[in-house]
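Engineer: I'd like to ask some things about the structure below.
Numbering (my numbering), first residue to last: 427 to 1023.
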């Protein structure tokens, strides 16, 4: 049976579908309320996503598994993705169980245990701790601060080093007082519940009372406990006085990549976070991406909070809430806060995701991928290791300058940047200015080899003058392109229409970065030139200021604003300018209108 016939004969019922390649490997797994209708949408060209376009040519078979409801399909889909780990699904790289701290009040002498699964056994569970290092740090502080037992069993044990160090009350040999031990465990519980303010106040009062009774050793122990407690909770950010438990997901998209960040809020404090690189996401719906992550995350996680905050509305959000409630045993709400503290918390998660994504895009692998995308989009013979970009800057033709920036391997090479004062063009003619700069750059090709791609900030006019400069210099084989700002299109020689840079692609991100750096460098140079010209113009009107003193003042202050702000004494330090001349300069500039720099 052909693939088309298989699709046509799929049942109109809920279930899960698995797209497979010629070797039987699962490419993609999805769920549907109607398997036939959902799978058929993939084969409609106008309805297929970019991801579907990538894997559909490889599909040779479709396997389906029927379920009784869409909710059961969602659960099965999540479990199958975890098991099969298909290439084109969002698959978490790490699905381990994060640790919890367990405190069992039914134990005659309770202690803290590290566990990775929650049981319905009446014990108290604190966590999960993400990353796990946070848990070990917390446990270490609690072990040093509070004298509860650390051993697994007290039967047959004798007093150990912890007792002699004051870190255990010694229940193994009947040394511990029951009421005192219970107070210790209560303090431990308060710390783990995030109620350290109450405990801090209790310790402070106990320390002061012990000191008043001249019990200095006890006061010192309480002081040390207070210090350790503050150290343990110093990195926790208080977000709510009501002490809610929340999981907060933020999603960031840039450069064709997606990154999510999870903040764990327990007892109103951020106690942990986790980053999820989601990989290529060009054309993906944010709600679909985040829904895939949420389903993957909770299929193996325990301790689901009653409230989950997300940066984008989830695909199948009501269905996911129903599934989470079934897993948690209580009602679970998922929503996108629009204002207030919760919205700020989601914004913090998005900010962290964006930072992680920016670091990923700036990685060596990310830069290499961007250069490969540029090669494919602009039809270059190889990835452009060396990129040069030229931009001009002027105001109605005055103080015209240009700048050339260099990127190698996707990184700025500032030592190779060049500035140009326009010499042959008068008036506001950006195109001719670009031509002058290119001819001067090409004249230096013997001492500085030409780049793999020469990029111009502009459109068709800049591209044509660039081609003319290349012909005059005998460099017609040099790769040239012009990047227009308005629509982010690239104009190439011999092509009637520009190449559109895909929204959110790595290639677009890199070329924009290069173009914007050239613009920044040209504008900053233009401001310097204008500032120096303003100083020169102002100094020309002051009697007693010759060319030498003018040059010294330019070198020292650089702009009218800085020179005007200088005191008479500071001006006299420039090349031995006499006090009376310095006073004349100071008074003159104070009396005239400031020239913008």
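Each residue gets a CB set at the ideal place from its N, CA and C atoms; glycine is no exception.
Measuring straight from C-alpha to C-alpha, what distance separates residue 807 and residue 876?
Structural biologist: Counting from 1 along the chain shown, the entry for residue 807 is found at position 381. Counting from 1 along the chain shown, the entry for residue 876 is found at position 450. Taking the straight line from one Cα to the other gives about 15 angstroms.
Engineer: Which residue comes first and which comes last in the alpha helix (DSSP H) that contains residue 723?
Structural biologist: Here the question's residue 723 lines up with position 297 in the chain shown. Element bounds for residue 723: 712 to 724.
Engineer: Have a look at 754, 900 and 587 and flag the residue whose alpha-carbon is nearest the alpha-carbon of residue 406.
Structural biologist: The displayed coordinates of the chain run from 427 to 1023. Any statement about residue 406 would go beyond what the structure contains.
Engineer: Tell me, please, which residues DSSP counts as bridged to residue 846.
Structural biologist: What you label residue 846 is simply residue 420 of the chain shown in a count that begins at 1. For residue 846, which the question treats as bridged, DSSP gives the partners 828.
Engineer: Assuming the contact rule is C-beta atoms closer than 8 angstroms, residue 741 and residue 711 should be a hit. Round their C-beta distance to whole Å, please.
Structural biologist: Within the chain shown, residue 741 is the residue found at index 315, counting from 1. Within the chain shown, residue 711 is the residue found at index 285, counting from 1. At roughly 7 angstroms, the Cβ-Cβ gap stays under 8 angstroms, so residue 741 and residue 711 are in contact.
Engineer: Figure out for me which residue from 570, 450, 645 and 536 has the closest Cα to the Cα of residue 605.
Structural biologist: Position 179 of the chain shown, counting from 1, holds the residue named residue 605. Considering only alpha carbons, the answer is 536.
Engineer: Report back the beta-carbon spacing between residue 799 and residue 932 to the nearest angstrom; my notes put them in contact at under 8 angstroms.
Structural biologist: Looking up residue 799 in the chain shown gives position 373. Looking up residue 932 in the chain shown gives position 506. Indeed they touch by this definition, with Cβ atoms about 5 angstroms apart.
Engineer: Return the chain-ordered list of same chain residues with a C-beta closer than 7 angstroms to the C-beta of residue 717, the five sequence neighbours on each side being excluded.
Structural biologist: Counting from one through the chain shown, the residue named residue 717 turns up at place 291. Correct list, in chain order: 740, 741, 742 and 746.
Engineer: Can the beta-carbon of residue 510 be found closer than 8 angstroms to that of residue 725?
Structural biologist: Counted from its first residue, the chain shown places residue 510 at position 84. Counted from its first residue, the chain shown places residue 725 at position 299. Contact flag unset, no.
Engineer: Spatial neighbours of residue 839 within its chain, please: C-beta separation below 7 angstroms, excluding the five flanking residues on both sides.
Structural biologist: To locate residue 839, count along the chain shown from 1; it is residue 413. Cβ within range, chain order: 832 and 833.
Engineer: DSSP on residue 879, reduced to helix/strand/coil?
Structural biologist: For the purposes of this step, residue 879 is taken as residue 453 along the chain shown, with counting starting at 1. If DSSP states are grouped into helix, strand and coil, residue 879 belongs with the strands.
Engineer: Give me the Cα-Cα distance between residue 1031 and residue 881, rounded to the nearest whole angstrom.
Structural biologist: No information on residue 1031 is available, as it lies outside the stretch 427 to 1023 that the chain covers here.
Engineer: Residue 551 lies in the beta strand (DSSP E); which residues open and close that run?
Structural biologist: Residue numbering aside, residue 551 sits at position 125 when the chain shown is read from its first letter. Counting along the chain, the beta strand (DSSP E) containing residue 551 begins and ends at 550 to 552.
Engineer: Taking 8 angstroms as the cut-off, does the stretch 760 to 770 touch the stretch 789 to 797 (at least 3 CB pairs, one atom from each stretch)?
Structural biologist: Touching, no.
Engineer: Compare the Cα-Cα distances from residue 908 to each of 611, 900, 593 and 925 and report the closest residue.
Structural biologist: As a first step, residue 908 is located in the chain shown; it is residue number 482 there, counting from the start. The shortest C-alpha separation from residue 908 is found at 925.
Engineer: Which residues in the same chain have their Cβ closer than 8 angstroms to the Cβ of residue 949, if we skip the five residues on either side of it in sequence?
Structural biologist: Reading the chain shown from its first residue, position 523 is the one you call residue 949. Around residue 949: 819.
Engineer: Hey, residue 459 and residue 498: beta-carbon distance below 8 angstroms or not?
Structural biologist: Counting from 1 along the chain shown, the entry for residue 459 is found at position 33. Counting from 1 along the chain shown, the entry for residue 498 is found at position 72. Not in contact: residue 459 and residue 498 (Cβ atoms no closer than 8 angstroms).
Engineer: Can you tell me whether DSSP reads residue 857 as helix, strand or coil?
Structural biologist: Residue mapping note: residue 857 aligns to position 431 of the chain shown, counting from 1. Of the three classes helix, strand and coil, the one that applies to residue 857 here is helix, per DSSP.
Engineer: Measure the C-alpha to C-alpha separation of residue 666 and residue 930 and round it to an integer number of angstroms.
Structural biologist: Translated into the one-based positions of the chain shown, residue 666 becomes position 240. Translated into the one-based positions of the chain shown, residue 930 becomes position 504. Its pLDDT being 44, under 50, residue 666 is placed unreliably by the model, and nothing is read from it.
Engineer: Name the DSSP beta bridge partners of residue 494, please?
Structural biologist: Numbered from its first residue, the chain shown carries residue 494 at position 68. Paired residues: none, contrary to the question.
Engineer: Measuring CA to CA, which of 737, 941 and 586 is closest to residue 573?
Structural biologist: Working through the chain shown from its first residue, we reach residue 573 at position 147. The residue with the shortest Cα to Cα distance from residue 573 is 586.
Engineer: Is it the case that the Cβ atoms of residue 883 and residue 941 are separated by a distance below 8 angstroms?
Structural biologist: Counted from its first residue, the chain shown places residue 883 at position 457. Counted from its first residue, the chain shown places residue 941 at position 515. For residue 883 and residue 941, yes; Cβs fall inside 8 angstroms.
Engineer: Starting from the C-beta of residue 858, find all residues in its chain whose C-beta is less than 6 angstroms away, skip the five residues before and the five after it, and write them out in chain order.
Structural biologist: Locating residue 858 in the chain shown gives position 432, counting from the first residue. Taken in chain order, the residues that qualify are 851.
Engineer: Please classify residue 738 as buried or exposed, where buried requires at least 16 neighbouring CB atoms within 10 angstroms.
Structural biologist: Position 312 of the chain shown, counted from the first residue, corresponds to residue 738. Buried: at least 16 other Cβ atoms inside 10 Å.
Engineer: Taking just the CA atoms, how far does residue 538 sit from residue 583?
Structural biologist: By one-based count along the chain shown, residue 583 stands at place 157. By one-based count along the chain shown, residue 538 stands at place 112. Computed Cα separation, rounded: 18 angstroms.
Engineer: Use the C-beta contact count for residue 470: other C-beta atoms within 10 angstroms, 16 or more gives buried, fewer gives exposed.
Structural biologist: Here residue 470 corresponds to residue number 44 of the chain shown, with the count starting at 1. Per the 10 Å Cβ criterion, exposed.
Engineer: Since residue 437 sits in a beta bridge, which residues does DSSP pair it with?
Structural biologist: Translated into positions along the chain shown, residue 437 becomes position 11. DSSP output for residue 437 lists no bridge partner at all.
Engineer: Is the CB-CB distance between residue 502 and residue 493 below 8 angstroms?
Structural biologist: Position 76 of the chain shown holds residue 502. Position 67 of the chain shown holds residue 493. The answer is yes: Cβ separation under 8 angstroms.
Engineer: Take residue 681 as the anchor and find which of 779, 796 and 628 has the nearest alpha-carbon.
Structural biologist: Your numbering for residue 681 matches position 255 in the chain shown. Closest by alpha carbon: 796.
Engineer: Between residue 918 and residue 895, which are expected to be in contact by the criterion C-beta below 8 angstroms, what is the C-beta distance as a whole number of angstroms?
Structural biologist: What you label residue 918 is simply residue 492 of the chain shown in a count that begins at 1. What you label residue 895 is simply residue 469 of the chain shown in a count that begins at 1. Contact flag wrong, Cβ pair sits at about 16 angstroms.
Engineer: Any idea which residues DSSP pairs residue 734 with across the strands?
Structural biologist: As a working note, residue 734 is residue 308 in the chain shown. According to DSSP, residue 734 bridges with 673 and 760.
Engineer: Does DSSP put residue 816 in a helix, in a strand, or in coil?
Structural biologist: Looking up residue 816 in the chain shown gives position 390. Three-state result, residue 816: strand.
Engineer: Give the straight-line distance between the Cα atoms of residue 430 and residue 730, rounded to the nearest whole angstrom.
Structural biologist: On the chain shown, position 4 is the one that residue 430 refers to. On the chain shown, position 304 is the one that residue 730 refers to. The straight-line gap from Cα to Cα measures roughly 42 angstroms.
Engineer: Can you tell me whether DSSP reads residue 487 as helix, strand or coil?
Structural biologist: Looking up residue 487 in the chain shown gives position 61. Residue state, collapsed to three classes: strand.
Engineer: Below 8 angstroms on the Cβ atoms is my contact criterion, and I expect residue 697 with residue 688 to pass it. Report the Cβ-Cβ distance as a whole number of Å.
Structural biologist: Numbered from its first residue, the chain shown carries residue 697 at position 271. Numbered from its first residue, the chain shown carries residue 688 at position 262. Contact doesn't hold; Cβ gap of about 12 angstroms is too wide.
Engineer: Let me know the secondary structure DSSP gives residue 908 once reduced to three states.
Structural biologist: By 1-based counting over the chain shown, the position of residue 908 is 482. Looking at residue 908 - three-state DSSP - the assignment turns out to be strand.
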